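Okay, so here's the structure we're looking at.
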Amino acid sequence: ENIWSLCQEPNGSRRVQDFLDTASEETRETLLQEFHGHAVKAMRDPHANHVIQKFISVMAPSTLQFMIDELVDRDGLATAVARHRY
3 ENIWSLCQEP NGSRRVQDFL DTASEETRET LLQEFHGHAV KAMRDPHANH VIQKFISVMA
63 PSTLQFMIDE LVDRDGLATA VARHRY
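Sequence positions in the sequence shown follow my numbering and run 3 to 88.
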């Protein structure tokens, strides 16, 4: 099972968050790669959004640029995500 699908489940999301607390930087970067192309969807997901928040708190800002790029890629998307309940 890949990390992206695991993060969309309640228990899987918690397991991934806990794992990120102790994982090496290299492992975190590898896991983060699975969110390329899925960042906005994850931000709107009731479980995966917590993993996104964890990545933001444990990763270097430069590794997260793809999330910003996905947000600004479509007009009005950043505003919609900011107003989303998750």
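Every residue gets a Cβ at the ideal spot worked out from N, C-alpha and C, and that includes glycine.
Small disclaimer: the values here were computed from a predicted structure and weren't measured.
DSSP state of residue i mapped onto helix, strand, coil
{"i": "residue 26", "result": "coil"}
{"i": "residue 37", "result": "coil"}
{"i": "residue 4", "result": "coil"}
{"i": "residue 16", "result": "helix"}
{"i": "residue 67", "result": "helix"}
{"i": "residue 10", "result": "coil"}
{"i": "residue 52", "result": "helix"}
{"i": "residue 61", "result": "coil"}
Member of the options whose CA lies at the smallest distance from the CA of residue i
{"i": "residue 51", "options": "5, 4, 15", "result": "15"}
{"i": "residue 13", "options": "48, 74, 69", "result": "48"}
{"i": "residue 36", "options": "72, 46, 4", "result": "4"}
{"i": "residue 65", "options": "31, 6, 71", "result": "31"}
Rounded distance between the beta-carbons of residue j and residue i, thought under 8 Å
{"i": "residue 44", "j": "residue 9", "result": "7 Å"}
{"i": "residue 33", "j": "residue 56", "result": "Contact doesn't hold; Cβ gap of about 10 Å is too wide."}
{"i": "residue 53", "j": "residue 19", "result": "6 Å"}
Problem - Stretch pair the stretch 21-31 + the stretch 56-69: three plus CB contacts closer than 8 Å - result: yes
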